[in-house]
Amino acid sequence: MEFPAGQTCCGQMHWNTGYQSEALPLVKRFVEQFRGAETAVVPSSSCVAMMRDHYPKMAAEIGDAALIAEVSQLLPRVFEFSEFLTKRLGLEDVGAYYPHRVTYHASCHGLRNLGLGDGPVRLLKAVRGIDLVELDGLEQCCGFGGTFAVKNADVSSAMLEEKISTVLGTGAEVCTACDNSCLMHIQGALHRQKTGVKTLHLAEILAADEGAGL
């Protein structure tokens, strides 16, 4: 496994807030960094959704025929983390051990844009020792939405309050998801309310074993 040190933001923040000309060079940057990769695995469903939904259009706007071709060739090799495990490798049980009560939040981009379905849940169910509790309103947005949380803070906070209520209602020690942006938003509220509940990315749970001390 390699981690290209020169990689940068995918450009979603710029693109979604109207700074589209500033986002365009980031497509070139991504291709430069990952063109030689057999597979590019991304631990963020929102980033992968950005790439699949917008990179072809952005490359076309730049008007570089070579870039258009490279984006077209590279995108089929780009996978969200859980998608890579379940759909590319056909794995569910990765040998993880996590003896804690956990609930799973389905982030919007993974659920709606990428169609991850129950893939992340199947991975969690295969973890030894886990007590996995289903979250009420699983398909309901946590209210983050990137800059939405800034521009529409009151609405975002109300949505977050509902999500936190359902998380706490499970009695879970940990809330997990496939997108760090959702986890950051949820963790902020859990921390401010001194709930003692923490958030972990799905990858952190799947990496745990009997000696991890998590």
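Using UniProt numbering, you'd call the opening residue of the sequence shown number 1 and step up by one each time. We put the beta carbon where it would ideally sit given N, CA and C, even for glycine.
Anticipated Cβ contact below 8 Å, Cys9 with Leu26, distance rounded: Going by Cβ atoms, the distance from Cys9 to Leu26 rounds to 6 Å, so yes, they are a contact pair.
Rounded Cβ spacing between His185 and Ala149 (contact assumed at less than 8 Å): Approximately 7 Å separates the beta-carbon atoms of His185 and Ala149; this is inside 8 Å, confirming the contact.
For His100, the three-state DSSP class (helix, strand or coil): Reduced to three states, the DSSP call for His100 is coil.
Leu200 versus Ala177 - alpha carbon distance: Near 7 Å, if we compare the C-alpha coordinates of Ala177 and Leu200.
Span separating the alpha-carbon of Gly211 from that of Tyr97: Gly211 and Tyr97: Cα-Cα distance of roughly 9 Å.
Per-residue burial, Ser45 [other beta carbons within 10 Å of its own, 16 or more giving buried]: Its Cβ being crowded by 16 or more others within 10 Å, Ser45 is buried.
Three-state class that DSSP yields for Phe148 in the structure shown: If DSSP states are grouped into helix, strand and coil, Phe148 belongs with the helices.
Pairwise C-alpha distance: Met159 and Tyr55: Near 30 Å, if we compare the C-alpha coordinates of Met159 and Tyr55.
Ranges of the alpha helix (DSSP H) found wholly within the UniProt domain "Cysteine-rich" (102-187), counting only runs of at least 4: Runs of alpha helix (DSSP H) with 4 or more residues, each lying fully within the UniProt domain "Cysteine-rich" (102-187), are found at 119-125, 148-151, 153-169, listed in chain order.
Ranges of the beta strand (DSSP E) found wholly within the stretch 69-100, counting only runs of at least 3: Counting whole runs of 3 or more residues, the stretch 69-100 contains the beta strand (DSSP E) stretches 78-80.
Lys28 - DSSP class collapsed to helix/strand/coil: Lys28: helix per DSSP, three-state reduction.
Contacts around Cys141, its chain only, beta-carbon distance under 7 Å, and the 5 residues preceding and following it disregarded: The answer, listed in chain order, is Cys108, Met159.
Close beta carbons around Glu22, own chain, < 6 Å, minus the five adjacent residues each side: Taking C-beta separations shorter than 6 Å and ignoring five residues to either side along the sequence, the partners of Glu22 in its chain run His14, following chain order.
Three-way DSSP call (helix, strand, coil) for Lys198 in this model: In the structure shown, Lys198 sits in a strand (DSSP, three-state: E or B).
Beta-carbon gap between Ala106 and Leu67 smaller than 7 Å: No. Outside cutoff.
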